[in-house]
Every structure is written in C-alpha cells, then in structure tokens.
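A short worksheet on the structure shown next.
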Amino acid sequence: GAFTIVGAYYIGASKAAITSVFSNRGAAAGSDGVMCNVNASRRLELVKNTSDAASETLTGALTITASRWNFVAWSWDEATTACDFVVNASSEDPGGSASTNVTNPSFATEIGGSGGFAQPFESGEQFACIAGWSVKLTTTQLNSIYTALKSRRFRSMP
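Under the numbering used here, the first residue of the sequence shown carries the number 44, and numbering increases by one thereafter.
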C-alpha cells in the first residue's frame with residue numbers, strides 16, 4: 044500500500060505530548076496500520092506496524108514553526124519503503140526499511156487522534172485543508188501543493 048496525507052497544521056507556542064494527526068491504528072506495538080504524528084519536539088513521525096508484535100517509528104528532523112500555520116505532509120510507499128516528510132517548503136527522507144501493513148488497519152481512520160483518540164490534539168492545535176491520496180506523491184508534487192495552499196489560503200505560512 045501507499046498513501047500521502049497533507050494539510051495545514053497550527054500549533055501554539057508550546058507542545059507537551061505527541062499528537063496523532065491521522066491514524067488507523069492503535070498505540071500498541073502489534074496494531075496494524077499507520078499513525079501520522081507530531082511529537083513534543085514539533086517534528087513529524089510515522090509509526091507503522093512491522094509484525095504482530097512490533098512497530099517502527101520514523102522521526103523527521105524538520106521542525107514545525109510554533110504559533111503559525113504550517114504545511115505538513117507524510118508520504119509513504121510500502122513496496123519501496125520510500126518515505127518523505129514535508130514541512131513548509133522543506134522535505135526529508137526519515138529512513139526506515141521495515142515493511143508494514145497499511146491496508147489492514149486495526150481501527151477506522153481518525154483525524155485528530157489514534158485508536159480511540161488515545162493521542163488527541165492539545166489545546167490550541169488545529170488541522171485544516173486535509174487531503175489524502177492512495178499513492179505516494181513526489182516531493183515536487185508536494186511542494187506544488189504547498190505553494191498553492193500558501194498563495195491561496197494560508198499566506199502567513201513560513
């Protein structure tokens with residue numbers, strides 16, 4: 044399976060915990076599916092199931108700007124294990140090599156939480172203009188979406 048999730052994300056001046064922006068799995072290690080998170084350090088994460096008892100967390104180095112709208116994207120291809128994170132106009136490959144099961148999720152898809160909303164948005168966090176694809180978009184395509192979103196709706200994006 045493959046997917047891409049994009050959107051405009053707003054975070055306040057401080058962040059205390061992990062937030063699941065998009066998820067179709069629970070927090071337990073053996074839960075099938077994926078979680079697209081923003082961690083307490085304001086970095087993107089992709090948590091994916093790798094076996095019946097394990098998961099892999101890919102963490103990016105790009106930091107989301109506090110107290111501003113930011114463009115964020117998670118893009119994953121299970122067949123090639125290619126992954127891209129995009130924050131505003133910057134992209135990165137967080138690595139990762141283990142396969143996963145993104146087509147047999149443990150939970151219904153949730154926006155703003157994971158597996159029964161175990162990791163909900165904190166006060167002041169917002170997510171807007173969410174879009175998803177069942178393919179992995181390229182960083183060029185993602186940067187085009189960022190440019191369009193910034194010029195048409197979120198002019199204050201970095």
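The C-beta atom is built at its ideal place from N, Cα and C for all residues, glycine as well. Since the model is a prediction, treat every value here as computed from it, not as a measurement.
In chain order, what residues of the same chain lie with their CB nearer than 8 angstroms to the CB of Phe170, ignoring the 5 residues before and after it?
Gly50, Ala51, Tyr52, Tyr53, Val64, Ile154, Gly155 and Phe164
Under 7 angstroms from any heavy atom of the ligand GDP, does the C-beta of Ala125 make it?
Looking for the ligand GDP in the displayed structure turns up nothing, as the structure carries no ligands at all.
How about Glu168 and Gly55: do their beta carbons lie closer than 8 angstroms?
yes
Could you check how far apart the C-beta atoms of Ala104 and Thr47 are, in whole angstroms? I think they sit under 8 angstroms.
Ala104 to Thr47, Cβ: 20 angstroms. No contact.
Have a look at Thr190, Phe197 and Ser118 and flag the residue whose alpha-carbon is nearest the alpha-carbon of Leu87.
Ser118
Could you compute how far the alpha carbon of Lys193 sits from the alpha carbon of Thr62?
23 angstroms
Can you find a C-beta in chain B that's less than 8 angstroms from the C-beta of Ala97?
Among the chains in the structure shown there is no chain B, since it carries only a single protein chain.
Pick from Ser84, Ala122, Pro137 and Phe114 that is closest to Glu99, judged by C-alpha positions
Pro137
Extent of the continuous alpha helix (DSSP H) to which Asn186 belongs
Thr182 to Arg195
For Ala45 and Asp120, I'd like the C-alpha separation in whole angstroms.
4 angstroms
Between the Cα of Gly139 and those of Phe197, Trp112 and Leu101, spot the shortest distance and give me the residue it belongs to.
Leu101
Output needed for Gly175: all residues of its chain with C-beta closer than 7 angstroms, excluding positions within five of it in sequence on either side, in chain order.
Phe46, Thr47 and Ile48
Tell whether a beta-carbon distance below 8 angstroms holds between Arg111 and Met200.
yes
Using the Cβ count rule (16 or more neighbours within 10 Å means buried), how would you classify Ser66?
buried
Under 8 angstroms between C-beta atoms of Ala275 and Ala83:
Residue coverage of the chain in this structure runs from 44 to 201, which leaves residue 275 outside it and unanswerable.
Figure out for me which residue from Ala132, Val81, Ile107 and Lys179 has the closest Cα to the Cα of Ser187.
Ala132
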